[in-house]
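Taking it in order: structure first as structure tokens, then the write-up.
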Amino acid sequence: MTVVDDRISMADVNTQRLDEWFERLEQMPVPEGFRVEIVGGTVYMTPQRDTHWEIIRRIVRAVEDRFGMNVRVFSDVRIDFPGHENGLCPDVAVLRASAGKDDEGRWRYQDVEFVFEVISEGTATNDYGPKKAAYATAEVPLYVIADPYQGRCYVYTDPKNGDYVTRTRVDFGDDIDLTGTVADLTVSTAAFPQDRSPLA
Numbered sequence: 183m184t185v186v187d188d189r190i191s192m193a194d195v196n197t198q199r200l201d202e203w204f205e206r207l208e209q210m211p212v213p214e215g216f217r218v219e220i221v222g223g224t225v226y227m228t229p230q231r232d233t234h235w236e237i238i239r240r241i242v243r244a245v246e247d248r249f250g251m252n253v254r255v256f257s258d259v260r261i262d263f264p265g266h267e268n269g270l271c272p273d274v275a276v277l278r279a280s281a282g283k284d285d286e287g288r289w290r291y292q293d294v295e296f297v298f299e300v301i302s303e304g305t306a307t308n309d310y311g312p313k314k315a316a317y318a319t320a321e322v323p324l325y326v327i328a329d330p331y332q333g334r335c336y337v338y339t340d341p342k343n344g345d346y347v348t349r350t351r352v353d354f355g356d357d358i359d360l361t362g363t364v365a366d367l368t369v370s371t372a373a374f375p376q377d378r379s380p381l382a
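Under the working numbering, the letters of the sequence shown match residues 183 to 382, in that order.
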């Protein structure tokens, strides 16, 4: 078997396992307002906080203001990314206009142009660690983390070898200038709410 065949086989096995997991999760009584995703084969259920949603809403609004209401922007929709069982549900994912669903009716990670994640107390290590690695491995050209606990954002660009080469810090209150990137927009963080740090 060639290396390419091995990768395809592994992707198929991962997708089948993810399908099984998500089918089981759909049968479970997951409480309203909880977000469910699978990162590296581990299931995470996170309650949605008002701060979290407020930042997501403002990001989606900025994307729609820039690209119109027909832009392919999604929140909390499953997209399978490279790596071991990564059924990720990005807080905000923007897909290219030509994106289409695969034979299973799911969006393909190859069509993701940029991703925003908003840090939650229980899953921050995922956003800064395995999810960042999955997005970089998938060669998503732009990944932005909004961290209401630190009151800042991190902009990651130039994916290479499973990591991002460039990281730029933007404090809440300053604009996230993405005009030189695939996103080609500016996001105001002036109204991004902050959360008290769980360590404080």
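All C-beta atoms in this analysis are idealised placements derived from N, C-alpha and C, irrespective of residue type, glycine included. All of these numbers come straight from a predicted model, not from anything done at the bench.
1. Is the beta carbon of residue 316 less than 7 angstroms from the beta carbon of residue 263?
2. Return the first residue and the last residue of the beta strand (DSSP E) that residue 338 is part of.
3. For the structure I just gave you, are there three or more beta carbon pairs, one from the region 357-368 and one from the region 284-296, closer than 8 angstroms?
4. Is residue 286 helix, strand or coil by DSSP?
5. Answer with buried or exposed for residue 357, where buried requires no fewer than 16 other C-beta atoms within 10 angstroms of its C-beta.
6. In whole angstroms, give me the CA-to-CA distance for residue 336 and residue 234.
7. Return yes when the Cβ of residue 291 is within less than 7 angstroms of the Cβ of residue 318, no when it is not.
8. Reducing DSSP to helix, strand and coil, say where residue 278 ends up.
9. Would you report the Cα separation of residue 308 and residue 300, rounded to the nearest angstrom?
10. Got a sec, what are the start and stop residues for the alpha helix (DSSP H) residue 249 sits in?
11. Which residues mark the beginning and the end of the alpha helix (DSSP H) in which residue 350 is found?
Straight from the coordinates:
1. Here residue 316 refers to the residue found at position 134 of the sequence shown. Here residue 263 refers to the residue found at position 81 of the sequence shown. Contact check for residue 316 against residue 263 passes: the beta carbons are separated by less than 7 angstroms.
2. For the purposes of this step, residue 338 is taken as residue 156 along the sequence shown, with counting starting at 1. Start and end: 334-342.
3. With the cut-off at 8 angstroms, the region 357-368 and the region 284-296 touch.
4. Walking along the sequence shown from the start, residue 286 turns up at place 104. Residue state, collapsed to three classes: coil.
5. Here residue 357 refers to the residue found at position 175 when the sequence shown is read from its first residue. When all chains shown are included, residue 357 counts as exposed.
6. Translated into the one-based positions of the sequence shown, residue 336 becomes position 154. Translated into the one-based positions of the sequence shown, residue 234 becomes position 52. The straight-line gap separating the alpha-carbon atoms of residue 336 and residue 234 is approximately 16 angstroms.
7. Taking the first residue of the sequence shown as position 1, residue 318 is located at position 136. Taking the first residue of the sequence shown as position 1, residue 291 is located at position 109. The Cβ atoms of residue 318 and residue 291 lie no closer than 7 angstroms to each other.
8. Against the sequence shown, residue 278 aligns to sequence position 96. Under the three-state reduction of DSSP output, residue 278 falls in the coil class, being neither helix nor strand.
9. Numbered from its first residue, the sequence shown carries residue 308 at position 126. Numbered from its first residue, the sequence shown carries residue 300 at position 118. CA-to-CA, the gap between residue 308 and residue 300 works out to about 11 angstroms.
10. Locating residue 249 in the sequence shown gives position 67, where the first residue counts as 1. Going by DSSP, residue 249 is part of the alpha helix (DSSP H) stretching over 232-249.
11. As a first step, residue 350 must be located in the sequence shown, where it is residue number 168. Looking at the DSSP string, residue 350 is not in any alpha helix (DSSP H); the run it does join, the beta strand (DSSP E), is 345-353.
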